[in-house]
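First residue of the sequence shown? That's 277 in this note's numbering, and the numbers climb one at a time after it.
Just so it is clear, CB atoms sit at the ideal spot from N, CA and C, and this is done for glycine as well.
Just so you know, these numbers come straight off a predicted model, no measurement behind them.
For reference, the structure is listed below as structure tokens.
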Amino acid sequence: MSDPAPIPLLDIQNVSRIFASGDSEIRALDDVSITVWSGEFIAIMGQSGSGKSTLMNIIGCLDRMSSGSYHVLGQDVSTMDADRLAQLRRETFGFVFQRYNLLATESAISNVEIPAIYAGTDFNHRFSRAKELLTRLGLDNRMDHRPPQLSGGQQQRVAIARALMNNPPLILADEPTGALDSKSGADVMALLHELHSEGRTIVLITHDEKVASNAERIIHIMDGKISGETIIHEARPVEADAPAHKGTISFAGSAREALHMALKSLRVNIFRTSLTLLGIIIGVAAVVTMLAVGNGSKQKVLNQISAMGTNLLMVLPGAPGIRPTGDVATLTIEEADLIKIMPNVEAAVPVRTSRMTVRYKDIDVQTVIQGVGQDFLIAKDWRITKGQFFSDKDVRSYAPVVVLGKTVESNLFPDGENPIGKFIILQNIPMQVIGALAVKGASANGNDQDDTVVIPYSTGFERLFGQRRYLSNVTVKVADVTQIENTQNAIYSLLMRRHKVEDFNIRNMASIMQTATDTQNTLTLLLGVVAAISLIVGGIGVMNIMLVSVTERTREIGIRMATGARREDILLQFNIESVVVCAIGGMLGVITGFVFGFILHFSGMQVIFTPWPALLAFTCACGTGTIFGYLPASKAANMDPVVALASE
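Written out as structure tokens, the structure is:
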């Protein structure tokens with residue numbers, strides 16, 4: 277039984293490559309057939325436009341043929357997807373380009389490491405191998421230099437070191453001496469001979485007959501067709517061994533490398549990065565600050581309502597929907613007394629208010645006079661800081677006594693004089709100060725609750741308000757706030773029986789607080805939406821910048837693909853760059869938002885910070901980077917390697 281026929285390293289049969297040009301076609305390759313055995317040194321020679329570079333691109337799996345068959349180590353290339361082709365480039369081919377195709381922003385050693393990154397080689401191993409290769413090629417003292425700091429010959433040696441990084445069996449050299457002086461060119465050819473002597477297969481693309489003479493076999497190409505073949509040294513066909521599969525970089529490793537590359541790229545383009553960050557910073561800072569302002573405003577309103585009491589019912593004269601005035605005479609003291617004895621009522625205080633001038637010595641102050649019952653402090657949850665409050669006896673005896681709110685006390689006694697026992701004048705009637713109230717603050721409608729003088733309602737009716745004994749309101753404090761609606765309904769029924777018509781209305785402070793909470797939540801949400809829109813605008817800015825970045829770095833993308841990067845690696849790299857920009861912008865935006873919030877706080881605005889808006893804004897910023905970075909990243913990942921490499 278005869279041995280099976282040996283398998284060549286490369287087997288190209290009847291391959292054509294056709295490009296569309298308007299309504300016509302350009303045949304860059306026309307029915308080309310070549311067989312390359314392991315260990316050969318072959319030169320493909322032709323003038324510019326002959327199709328030799330197109331052939332190299334197809335050999336290196338950078339481009340796809342239009343027709344024909346191409347097998348590498350017996351494997352049909354036409355059936356492979358993009359990632360399998362990337363693996364083939366990574367493990368089988370080492371590329372040496374005429375224009376070097378090095379990353380200008382990376383050091384020599386970092387350029388050499390690139391193929392090993394996509395092969396999943398750990399950092400220490402790939403660093404030591406890159407160092408070993410550069411030392412072997414005489415660049416041990418230039419490892420940290422970037423390509424612009426190296427001569428042409430040095431750059432080509434870096435490119436050769438990169439081609440050797442994954443120890444591929446085949447070196448594809450495209451015009452490797454074309455951009456070099458004669459000495460550097462000779463050095464490069466000596467290196468290729470040395471690599472060939474070590475057992476590597478060399479495929480050399482050149483237009484120079486002198487360079488081609490270094491090969492064992494010269495394949496002549498003209499107008500896209502093989503025009504002849506010259507044998508310089510007869511080489512015995514050797515079957516190629518399949519290269520050991522070196523694996524691929526894991527997702528975690530790819531993400532780690534992408535993060536490293538992203539940070540480096542952002543440093544290189546610091547001005548553009550700063551402009552990109554600005555949009556995200558403004559968006560996140562707006563979210564943090566606006567929500568803090570919204571929370572502060574909500575809390576301020578709720579505090580004002582709470583200061584009035586959330587377990588209160590306010591019974592007011594006048595029909596529902598009609599703003600009550602002092603001329604509506606529908607509530608009486610007797611009705612306040614009836615409400616007081618109802619179930620779940622802790623206190624029911626008759627209140628009559630008026631605005632008058634109060635005088636002490638030569639100081640006149642306009643203020644609110646409140647005639648109330650002895651349970652006023654209980655109903656309003658107010659306390660006395662000086663003296664005492666009037667009693668039921670004082671109410672029944674029409675006692676000429678007053679209790680001062682803090683604002684009135686400060687205005688009448690600006691020097692801190694103790695007001696207790698002093699007499700003030702109300703409408704030419706002397707009234708003795710028997711107490712001073714604690715600070716209460718502003719009410720829900722913004723009025724200063726401390727700008728008041730409190731007197732017994734009986735004294736007010738007898739001496740100040742006139743003989744029409746009607747009330748401005750009845751303030752009812754319930755014992756059990758969970759039963760407040762039942763109590764409200766009971767009071768409504770009582771007054772309807774007495775009045776026959778609904779010439780009164782009852783305000784439930786708990787309901788008012790809930791309404792205020794809902795309103796403030798809506799306003800806070802509105803502020804958040806406005807801020808989120810600015811964040812989206814920032815995200816669109818990131819997408820635009822990343823699209824520009826992809827366009828500018830097209831050749832870099834081609835280089836990475838040629839050295840074995842999968843589409844997933846490219847997609848992850850550019851998406852992570854976008855996320856990193858937004859994450860940094862998010863952090864700076866949170867800090868900026870807090871700074872602006874504190875500035876507003878110190879300027880007198882109530883601002884309340886909570887961790888959730890900051891966390892939400894930062895998360896949204898990262899999400900914005902992911903979403904708006906995907907389109908540019910996808911555009912980069914779907915480029916053809918040969919098109920990307922040809923980009924200027």
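The beta strand (DSSP E) with residue i in it runs from where to where?
i      : result
Val648 : Ile639 to Val648
Thr608 : Neither: Thr608 is in no beta strand (DSSP E) and is coded neither H nor E.
Pro889 : Where Pro889 is concerned, there is no enclosing beta strand (DSSP E), although the alpha helix (DSSP H) it sits in stretches over Pro887 to Ala913.
Met341 : Where Met341 is concerned, there is no enclosing beta strand (DSSP E), given that its DSSP letter is neither H nor E.
His496 : Arg493 to Met498
Pro706 : Ile705 to Leu713
Met321 : Phe317 to Met321
Lys501 : Lys501 to Ile507
Thr700 : Per the sequence presented here, residue 700 reads as Ile, with Thr not at that position. Counting along the chain, the beta strand (DSSP E) containing Ile700 begins and ends at Phe699 to Leu702.
Arg783 : Phe780 to Asn784
Tyr636 : Val621 to Tyr636
Is the beta carbon of residue i less than 8 Å from the beta carbon of residue j?
i      : j      : result
Thr763 : Asn620 : yes
Val648 : Ile700 : no
Thr863 : Pro917 : Correcting the residue identity first, residue 863 is Met in this sequence and not Thr. Cβ distance not < 8 Å, so Met863 and Pro917 don't count as in contact.
Ala437 : Leu409 : yes
Tyr746 : Thr661 : no
Ala913 : Ile846 : yes
Gln650 : Phe666 : yes
Glu861 : Leu553 : Here residue 861 is Gly; the residue named in the question, Glu, does not match the sequence. Yes, Cβ-Cβ distance for Gly861 and Leu553 is below 8 Å.
Ile481 : Ile320 : yes
Thr895 : Val855 : no
Arg739 : Ile705 : yes
Met707 : Pro732 : no
Met286 : Val348 : The sequence given here has Leu at residue 286, not Met. In this structure, Val348 lies closer than 8 Å to Leu286 by Cβ.
Leu614 : Lys753 : no
Please look up how many angstroms separate the CB atoms of residue i and residue j, rounded, as I've assumed it's under 8 Å.
i      : j      : result
Phe295 : Ile302 : 5 Å
Met441 : Gly322 : Contact flag wrong, Cβ pair sits at about 29 Å.
Glu622 : Ala714 : The Cβ separation is near 20 Å, so there is no contact.
His472 : Phe317 : 5 Å
In three-state DSSP terms, what is residue i?
i      : result
Pro282 : coil
Pro452 : coil
Gly663 : strand
Asp657 : coil
Phe373 : coil
Gly602 : At Gly602, the pLDDT of 49 sits below 50, so the modelled position is not reliable and the matter cannot be decided from this model.
Val351 : One point to set straight first is that residue 351 is Gln, not Val, in the sequence displayed. The answer is strand: DSSP assigns Gln351 an E or B state.
Tyr768 : helix
Ile557 : helix
Ala304 : strand
Ser345 : strand
Met277 : Confidence is the limiting factor: at Met277 the pLDDT is only 42, short of 50, which leaves the residue's position unreliable and the question unanswerable from this model.
His421 : coil
Val777 : coil
Pro732 : strand
Leaving aside the five residues before and after residue i along the sequence, list all residues of the same chain whose C-beta is less than 7 Å from its C-beta, in chain order.
i      : result
Leu652 : Reading off the sequence shown, one finds Phe at residue 652, where the question assumed Leu. So the qualifying residues of the chain are Val625 and Val730.
Asp463 : Gly429
How far does the alpha helix (DSSP H) with residue i in it reach, from first residue to last?
i      : result
Ile833 : Thr830 to Ala838
Phe399 : Phe399 to Arg412
Val684 : Lys682 to Leu688
Leu480 : Careful: Leu480 lies outside any alpha helix (DSSP H), inside the beta strand (DSSP E) at Thr477 to Thr482.
Ile335 : Lys328 to Ile335
Lys753 : Taken as a continuous stretch (DSSP letters only), Lys753 belongs to no alpha helix (DSSP H), being part of the beta strand (DSSP E) at Asn749 to Val754.
Asp359 : Ala358 to Thr368
Tyr746 : Neither: Tyr746 is in no alpha helix (DSSP H) and is coded neither H nor E.
Leu440 : Gly428 to Leu440
Met465 : Ser458 to Ser473
Pro926 : Outside the shown range of the chain (277 to 924) lies residue 926, about which nothing can therefore be said.
Spatial neighbours of residue i within its chain, please: C-beta separation below 6 Å, excluding the five flanking residues on both sides.
i      : result
Ala893 : Val560, Val563 and Val564
Thr839 : Ile390 and Pro391
Gly925 : The question about residue 925 has no answer here: the residues shown for the chain are numbered 277 through 924.
Ala612 : Ala624, Pro626 and Val750
Leu921 : Gly834
Asn687 : Val641
Met465 : Asn490
Lys616 : Ala624
Leu413 : Arg433 and Ala437
Ser423 : Checking the sequence, you will find Pro at residue 423 rather than Ser. If we look at Pro423 and ignore the five residues flanking it on each side, its Cβ neighbours are Leu378, Ala380 and Gln431.
Asp668 : Gln650
Ala538 : Ile852, Glu853 and Val856
Leaving aside the five residues before and after residue i along the sequence, list all residues of the same chain whose C-beta is less than 8 Å from its C-beta, in chain order.
i      : result
His401 : Ala392
Ser278 : Caution is warranted here: a pLDDT of 49 is assigned to Ser278, below 50, making its placement in the model unreliable, and the coordinate value is therefore given only provisionally. Answer for Ser278: no residue qualifies.
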